[in-house]
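Numbering that gives the first Met the number 0 numbers the first residue of the sequence shown as 0 and each following residue consecutively.
Backbone N, C-alpha and C define an ideal beta-carbon position, used for all residues, glycine too.
Small disclaimer: the values here were computed from a predicted structure and weren't measured.
Notes for the one structure printed next.
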Amino acid sequence: MADRLRLMAVHAHPDDESSKGAATMAKYVDEGHEVLVVSCTGGERGDILNPRLADDIHIQRDLPRVRRDEMARAQEILGVQHTWLGFVDSGLPEGDPLPPLPEGCFALEPLDVTTEALVREIRRFRPHVMTTYDENGGYPHPDHIMCHTVSMSAFEAAGDPAAYPHTGEAWQPLKIYYNQTFNRDRIVAFHEALLALEEESPYHEWLENWQDRKPRTVTTRVHCADWFDRRDQALLAHATQIDPDGSFFRVSRELQQRVWPTEEYEAALSYVPVEPVEDDLFAGLRDVDADALATKSGLELAYDGRKDPS
């Protein structure tokens, strides 16, 4: 019944959308579905991570503008819609002890302010499915953790007519997932494949540092190898953030397509059953009237996979 479904991917910074779930988004766009990327911040406090551009005075003079232009190019490549939530990058504090976060940054915004902003976008776009980061942010960047917090808060508030009534009519997204693209099994598969070919692997240190991480629950594997090229093009569009000679591109696309042709997700909350292991973020929604379900009162959760932060 639902030929055209809607996916909202909520990310902390421009470039996150291209490294986490980009091939999935491009696949759904090509299938005729609508995809909206929400960037919570503009990445204003990011560093120039591409050594080829580190000394470019034009980039140094206006990095926020450059990052907006990069995002526009990545959006075009992926074919998605895009909006800026409008908050300011918190930066990544470093040192011992850690310095305080800058005043006015995203991670320090009141939760009702950030939730209201995202609820407004949810009620405007009316997604059936959302994606975000897990309770640890995927990694402990303050903006990634806040992105998780506001995404989960807005997911629950958007369907409540009494919450932020001035932001539009209530709309309950039916599923929300955590991106789990960078999982240990995937890195091990690439590492072993490179060694089997007697090629150097860049993942020795990664795997050594991964020992203390708890494994995640992968509920969904989307086959999207045919869209890895689009993913890589979108990632390279963020030229200030991506080193084209870095470890991300050390595994050939052909090897990736053969060894690990999927992108992984972890279901967090769902109003339709989650059957392990899914191959589709829209599983359970293609044969129902998803719009009617998203506006129905009295919905009850069918799946709750939330965990406490570790």
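Per-residue burial, residue i [other beta carbons within 10 Å of its own, 16 or more giving buried]
| i | result |
| --- | --- |
| Ala233 | buried |
| Val217 | buried |
| Asp159 | exposed |
| Leu206 | exposed |
| Val87 | buried |
| Gly85 | exposed |
| Val149 | buried |
Supposed contact pair residue j and residue i - C-beta distance, whole angstroms, cut 8 Å
| i | j | result |
| --- | --- | --- |
| Gln256 | Ala293 | The Cβ separation is near 35 Å, so there is no contact. |
| Glu43 | Gln80 | So it is not a contact: roughly 22 Å between Cβ atoms. |
| Thr131 | His147 | 6 Å |
| Phe105 | Asp142 | 5 Å |
| Arg249 | Pro201 | 5 Å |
| Leu300 | Leu254 | Wrong, their Cβ atoms sit about 40 Å apart, outside the cutoff. |
| Tyr177 | Val118 | Not really, about 20 Å apart at Cβ, beyond 8 Å. |
Given residue i as reference, the closest of the options once Cα atoms are compared
| i | options | result |
| --- | --- | --- |
| His127 | Leu117, Tyr302 and Leu4 | Leu4 |
| Pro272 | Asn182, Val118 and Ile175 | Ile175 |
| Ser309 | Tyr302, Arg249, Lys213 and Tyr270 | Lys213 |
| Glu333 | Leu6, Trp209 and Arg230 | Because the chain spans 0 through 309 in this model, residue 333 falls outside it and cannot be assessed. |
| Glu69 | Gly41, Ala156, Tyr138 and Leu300 | Gly41 |
| Thr23 | Val149, Ala8 and Glu93 | Ala8 |
| Asp279 | Glu299, Val221 and Ala238 | Val221 |
| Phe227 | Leu196, Ala53 and Lys26 | Lys26 |
| Ala21 | Glu262, Lys306, Leu193 and Ala289 | Glu262 |
| Gly45 | Ala266, Ile58, Ala291 and Val37 | Ile58 |
Residue span of the alpha helix (DSSP H) that contains residue i, given as start and end
| i | result |
| --- | --- |
| Trp205 | His203 to Asn208 |
| Leu254 | Arg252 to Val258 |
| Thr294 | Element bounds for Thr294: n/a, residue is neither H nor E. |
| Leu62 | Leu62 to Leu77 |
| Asp29 | Ala21 to Asp29 |
Residue i: first and last residue of the uninterrupted beta strand (DSSP E) it sits in
| i | result |
| --- | --- |
| Cys39 | Glu33 to Thr40 |
| His12 | Element bounds for His12: n/a, residue is neither H nor E. |
| Ala267 | Thr261 to Ser269 |
| Leu84 | Gln80 to Phe86 |
Complete alpha helix (DSSP H) runs within the region 163-240 (minimum length 4 residues, chain order): 183-195, 203-208 and 227-236
Could you name each continuous alpha helix (DSSP H) segment of 4 residues or more that falls completely within the region 96-151, going from the start of the chain to the end? 110-124
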